[in-house]
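Participant: Position 431 of the sequence shown, counted from 1, bears residue number 496 in this note's numbering, the numbering being contiguous throughout.
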Amino acid sequence: MSSLLSLLGLGAAGLSAQHAGVAVASNNAANVNSPGYSRQRLDLRAEIGPPTLGGVRTGRPERWHDELLSRRERESDAGRAQAQAFAPAMLDLEARLDGGGPPLDRRLATLWAGLERVAAMPSDSLVRAAAIAAAADLAAGFRERAEAVAAARAEADTRIRDQATAVTTAAAELAELNRQHAISPDPVIADRRDQAGRKLAELVGGTGRIDSDGHVHWTLPDGAVLVDGTRSARLEATPDPVTGWHQLTVVDGSSRRDVTTSLTGGSLAGELAFRDGEGAAAAGALDQLAVDVATAWNNVHRAHAGTDGVSGRDLFVPPTATAGAAANFAVDPGVAADPTRLATATPGAGPGDNAGALAMLGLRDQRVAGGGTQTLGDAAIDIVGRVGRRGAEAKAEVDRTTLISDHLGDLRAALSGVDIDEELSNLAQFQHGAEAMTRFIATVDGLLSDLLQRL
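#1: My output table needs one value for residue 508: the three-state DSSP class, helix, strand or coil.
#2: So residue 447 and residue 439 are supposed to be a Cβ contact under 8 Å. How far apart are they, rounded?
#3: What's the call for residue 279, buried or exposed, on a 16-neighbour Cβ count within 10 Å?
#4: Any idea what DSSP makes of residue 313, helix, strand or coil?
#5: Give the secondary structure of residue 381 by DSSP, where H, G and I count as helix, E and B as strand, and everything else as coil.
#6: If you reduce the DSSP assignment to three classes, tell me which class residue 301 lands in.
#7: If you follow the alpha helix (DSSP H) that residue 450 is in, where does it begin and where does it stop?
#8: Along the chain, which unbroken stretches of the beta strand (DSSP E) at least 3 residues long are found entirely within the region 101-183?
#9: If I measure Cβ to Cβ from residue 482 and keep anything under 7 Å in the same chain, skipping five residues before and after, which residues do I get?
#10: Is the distance from the Cβ of residue 391 to the Cβ of residue 208 below 8 Å?
#11: Measuring only the C-alpha atoms, how far is residue 106 from residue 344?
#12: Could you say which of 191, 95, 340, 491 lies nearest to residue 402 if we only look at CA atoms?
#13: Do you know offhand how far residue 251's Cα is from residue 292's?
#14: Just to confirm my understanding: we take residue 177, look at its own chain, exclude 5 residues before and 5 after, and list those with CB closer than 7 Å. What are they?
#15: Run through DSSP, which three-state label would residue 335 get?
#16: With a threshold of 7 Å on Cβ separation, who are the neighbours of residue 242 within its own chain once the five nearest residues in sequence on each side are excluded?
#17: With DSSP as the reference, identify every bridge partner of residue 275, one or two as the case may be.
#18: Starting from residue 291, follow the beta strand (DSSP E) in both directions and report where the run begins and ends.
#19: What's the call for residue 70, buried or exposed, on a 16-neighbour Cβ count within 10 Å?
#20: Where does the unbroken beta strand (DSSP E) through residue 320 begin, and where does it stop?
#21: Considering residue 223, what are the terminal residues of the alpha helix (DSSP H) in which it resides?
#22: Following the continuous alpha helix (DSSP H) through residue 344, name the residue where it begins and the one where it ends.
#23: Starting from residue 370, follow its DSSP beta bridges and name the residues at the other end.
#24: Is the distance from the Cβ of residue 150 to the Cβ of residue 335 below 8 Å?
#25: Between residue 472 and residue 303, what straight-line distance do the alpha-carbon atoms span, to the nearest angstrom?
#26: Could you check whether residue 111 and residue 488 sit closer than 8 Å to each other, using their CB atoms as the reference points?
#27: Does the beta-carbon distance from residue 321 to residue 371 come in below 8 Å?
#28: Between the alpha carbons of residue 329 and residue 129, how many angstroms are there, rounded?
#29: For the region 489-505 against the region 133-141, do three or more pairs of beta-carbon atoms, one drawn from each stretch, fall closer than 8 Å, so that the two count as touching?
#30: Could you say if the region 221-236 and the region 77-90 meet the contact criterion of at least three C-beta pairs nearer than 8 Å?
#31: Report the rounded CA-to-CA distance for residue 395 versus residue 338, giving the unit in angstroms.
#32: Any idea if residue 98 is buried or exposed, counting beta-carbon neighbours within 10 angstroms, 16 or more meaning buried?
#33: Considering only residues of the same chain and omitting the five flanking positions on each side of residue 134, which have a CB-CB separation below 8 Å?
#34: Just reading off the alpha helix (DSSP H) that residue 433 is part of, what are its end residues?
#35: Across which residues does DSSP place residue 296 in a beta bridge pair?
#36: Compute the distance between the beta-carbons of residue 393 and residue 409, then report whether it is under 8 Å.
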């Protein structure tokens, strides 16, 4: 009789295992379209027993998962997000530089064309006024482009500030999921934790690893810890007292660590690469060109005289520093107000002389920009050209990183994704198993009934 009772226990355990299998297969099928869901499998293990009696033990559902693949996905997410943040910023800057009226090289050409007319008619006040107006238009072009670059960098700075807050939230979410997973290692919680890690990678990059205690530990490239078990740090964005741009600091209790220059992945790295890299380079190139234009023109202009016979005047307001030169570029107010002050003549030669105009025309072909390596026109073209080239490279990087991410996503789908046909097959298999165990239990129950009737 004890053997029959043991068989009933075996049957009950077997039936329970088949029902659990049906539940897991049904759950997989129900989540076929759930983002980030990893298909689950039932941990069924044969029990050790006498030759004629064993049974099955049903463990917790487990998910199909490969930590190495997950790590590669996080790295890919960080690279793709960085490219997707950097490329639009560069393309937007290119559009701003192209959209602010005629480009600087064309405005320079217009000024030189005006000086050619002045050289032909140095005493004509209207021709002289037109040349000064062309100089003022060139100055406006510098200011407009400096404003456009500053606005693009300011918008990136705002995004940096907002994303720092998002990083703090994502880090706290990951720490909370670590806590939940320690209490109940449910596959769904593990999936959510993976998704939280990928979100954090997209924002700030870094490295996530699973420690021996089962917690995800997240560090940034310079070693700053964002998530340590169930604790998370904050990422603060604080305006720099000198530049005004937001600097990023990992704050954990009393510990503070500046990570602004050390991020190598995530959308924050892309925004920083634009704001402090290419955006700053474009601003610096504009400022340097403004200094080169003002210096070259003023040197010639001072050496010559206006129709009033006075020399030593500047055509453009001399920059006091390279930084901000483009934003403050302007024609000298005295020259702007009085065309006779345009220095087109050799001092003492009389108002009909055009040596000064010819000397300013000579700047067109002189290498007075880029430390003596470029003409002013070439330097103006190069500013926009560099932005355009970097924008095209950034767009190609988006395509490349997206292709890698898609490939890794396909690998993940093959490993962890739900296959409806396979789940239907599993359902049928567990259903048949349940039917068999039901018949087995009925048979044993019948034997027990016969035995009890015989006693």
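Glycine is no exception: its CB is placed at the ideal position from the N, C-alpha and C atoms. All values reported here derive from a predicted model rather than from experimental measurement.
Facilitator: Considering the structure as presented:
#1: For the purposes of this step, residue 508 is taken as residue 443 along the sequence shown, with counting starting at 1. Here residue 508 sits in helix by DSSP.
#2: Walking along the sequence shown from the start, residue 447 turns up at place 382. Walking along the sequence shown from the start, residue 439 turns up at place 374. Contact holds; Cβ gap of about 7 Å.
#3: Along the sequence shown, one-based indexing puts residue 279 at 214. It is exposed - the Cβ of residue 279 has fewer than 16 other Cβ atoms within 10 Å.
#4: The count along the sequence shown starts at 1 and reaches residue 313 at position 248. Strand at residue 313.
#5: Reading the sequence shown from its first residue, position 316 is the one you call residue 381. Looking at residue 381 - three-state DSSP - the assignment turns out to be strand.
#6: By one-based count along the sequence shown, residue 301 stands at place 236. Strand.
#7: Mapped onto the sequence shown, residue 450 falls at position 385. Run containing residue 450: 441-481, per the alpha helix (DSSP H) assignment.
#8: 105-111, 121-128
#9: Taking the first residue of the sequence shown as position 1, residue 482 is located at position 417. Closer than 7 Å at Cβ, skipping near neighbours: 104.
#10: Sequence index remark: in the sequence shown, residue 391 carries index 326 (1-based). Sequence index remark: in the sequence shown, residue 208 carries index 143 (1-based). It is a contact, given that the beta carbons lie within the stated cut-off.
#11: The sequence position of residue 106 within the sequence shown is 41, counting from 1. The sequence position of residue 344 within the sequence shown is 279, counting from 1. Cα to Cα, the separation comes out at about 51 Å.
#12: In the sequence shown, counting from the first residue as 1, residue 402 sits at position 337. Comparing Cα positions, the closest option is 191.
#13: As a working mapping, residue 251 is identified with position 186 in the sequence shown. As a working mapping, residue 292 is identified with position 227 in the sequence shown. About 20 Å.
#14: Reading the sequence shown from its first residue, position 112 is the one you call residue 177. Cβ within range, chain order: 426, 429.
#15: What you label residue 335 is simply residue 270 of the sequence shown in a count that begins at 1. Helix at residue 335.
#16: Translated into positions along the sequence shown, residue 242 becomes position 177. Contacts found: 254, 257, 258, 261.
#17: Position 210 of the sequence shown, counted from the start, is the residue given in the question as residue 275. Paired residues: 281.
#18: Within the sequence shown, the letter at position 226 stands for residue 291. Note, residue 291: beta strand (DSSP E), 290-293.
#19: By one-based count along the sequence shown, residue 70 stands at place 5. Classification for residue 70: exposed.
#20: Taking the sequence shown and counting its residues from 1, one reaches residue 320 at position 255. Element bounds for residue 320: 320-323.
#21: Translated into positions along the sequence shown, residue 223 becomes position 158. 190-248 is the span of the alpha helix (DSSP H), which, as asked, contains residue 223.
#22: Along the sequence shown, read from residue 1 onward, the residue named residue 344 stands at position 279. Here the alpha helix (DSSP H) through residue 344 covers 344-367.
#23: For this step, residue 370 is matched to residue 305 along the sequence shown. 376, 410.
#24: Reading the sequence shown from its first residue, position 85 is the one you call residue 150. Reading the sequence shown from its first residue, position 270 is the one you call residue 335. It is a contact, given that the beta carbons lie within the stated cut-off.
#25: Working through the sequence shown from its first residue, we reach residue 472 at position 407. Working through the sequence shown from its first residue, we reach residue 303 at position 238. Cα-Cα distance, rounded: 38 Å.
#26: Against the sequence shown, residue 488 aligns to sequence position 423. Against the sequence shown, residue 111 aligns to sequence position 46. Not in contact: residue 488 and residue 111 (Cβ atoms no closer than 8 Å).
#27: Counted from its first residue, the sequence shown places residue 321 at position 256. Counted from its first residue, the sequence shown places residue 371 at position 306. In this structure, residue 371 does not lie closer than 8 Å to residue 321 by Cβ.
#28: Reading the sequence shown from its first residue, position 264 is the one you call residue 329. Reading the sequence shown from its first residue, position 64 is the one you call residue 129. In a straight line, the C-alpha of residue 329 is about 30 Å away from that of residue 129.
#29: no
#30: no
#31: The residue you call residue 395 lines up with position 330 of the sequence shown. The residue you call residue 338 lines up with position 273 of the sequence shown. Distance between the alpha carbons of residue 395 and residue 338: 31 Å.
#32: Numbered from its first residue, the sequence shown carries residue 98 at position 33. Residue 98 comes out exposed.
#33: Taking the sequence shown and counting its residues from 1, the one referred to as residue 134 is at position 69. Hits under 8 Å: 473, 476, 477, 480.
#34: As a working mapping, residue 433 is identified with position 368 in the sequence shown. From DSSP, residue 433 is part of no alpha helix (DSSP H); its letter is neither H nor E.
#35: Position 231 of the sequence shown holds residue 296. For residue 296, which the question treats as bridged, DSSP gives the partners 293.
#36: Locating residue 393 in the sequence shown gives position 328, where the first residue counts as 1. Locating residue 409 in the sequence shown gives position 344, where the first residue counts as 1. Cβ atoms of residue 393 and residue 409: not closer than 8 Å.
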